[in-house]
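Peer 1: Residue numbers (this note's numbering), protein chains in the order written: chain A, 1 to 21; chain B, 22 to 245.
Backbone N, C-alpha and C define an ideal beta-carbon position, used for all residues, glycine too.
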């Protein structure tokens, strides 16, 4: 979406961000 | 018919409601399957937390806007819960595909994850309504007090934790309108540029820990 700068890598998602990987 | 600012804003409220007409304020069948697949079933905690956060939200909403508007607060909270469960299901489906796992016990038993996700869903609802009242020209209305980061104070949520869900939320909810995606992007910027650096932010502890872990952990040399 041109309205937002996505910064997560392919291997990153909500699980990693909350240390649940 | 041509779009006046009010009509455009009203349209987005109608769109939000339209997107959520088929969404329930209870976990869907798919979500219940995810909950059952967890090592520890989070169902009861999730239901209890939504109730508790609902009471806090309605009380703070009434304090901010006026006691006579308590019903409005309930209405907005219900919309937020519908969006919360809808996005949660979409997030889990994409994580299932990405990680090839069905057991999300750690994530679904993480209270901060749920509070952040619900806060983000409520921020979308609140920004849609506040956007409407601003377009109506009543900048001085109480509702403008409910702009971000009001929801962080209501749920006593660290901005850093709220920040974690924003990108995944936008990816998980393709029906978000561009003005709402822009709004969430601005929230992110506001967090990164100021709110995340408040004295009690967990960010400082994480930075301290990463420094203690030593140069071996430095992902990039300063030059880059």
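Is any beta-carbon of chain A found at less than 8 Å from that of residue 213 of chain B?
Peer 2: No, no contact with chain A.
Peer 1: Buried or exposed for residue 244 of chain B, please, with buried defined as at least 16 other CB atoms from any protein chain shown within 10 angstroms of its CB.
Peer 2: Summary for residue 244 of chain B: the model assigns pLDDT 49, below 50, so the residue's position carries little reliability, and this model does not support an answer.
Peer 1: For residue 48 of chain B, does the three-state DSSP call read helix, strand or coil?
Peer 2: DSSP places residue 48 of chain B in coil when its eight states are reduced to three.
Peer 1: Who are the near neighbours of residue 51 of chain B in its chain, counting only those whose CB is closer than 7 Å to its CB and skipping five residues on each side?
Peer 2: Excluding positions up to five away in sequence, the list reads 110.
Peer 1: Give me, in chain order, the residues of the same chain whose beta-carbon lies closer than 7 Å to that of residue 95 of chain B; leave out the 5 immediate sequence neighbours on both sides.
Peer 2: 79.
Peer 1: Thinking C-alpha only, which one of B:196, B:176, B:231 is nearest residue 73 of chain B?
Peer 2: Of the listed residues, the one whose Cα sits closest to residue 73 of chain B is B:176.
Peer 1: How would you call residue 215 of chain B, buried or exposed, if buried means at least 16 neighbouring beta carbons within 10 angstroms?
Peer 2: It counts as exposed.
Peer 1: Helix, strand or coil for residue 231 of chain B per DSSP?
Peer 2: Residue state, collapsed to three classes: helix.
Peer 1: Show which residues of chain A have a CB atom less than 9 Å away from the CB atom of residue 146 of chain B.
Peer 2: Those within 9 Å of residue 146 of chain B in chain A number zero; the least Cβ separation is about 19 Å.
Peer 1: Once you ignore the five residues that flank residue 11 of chain A on each side, which residues in its own chain have a CB closer than 7 Å to its CB?
Peer 2: There are no such residues.
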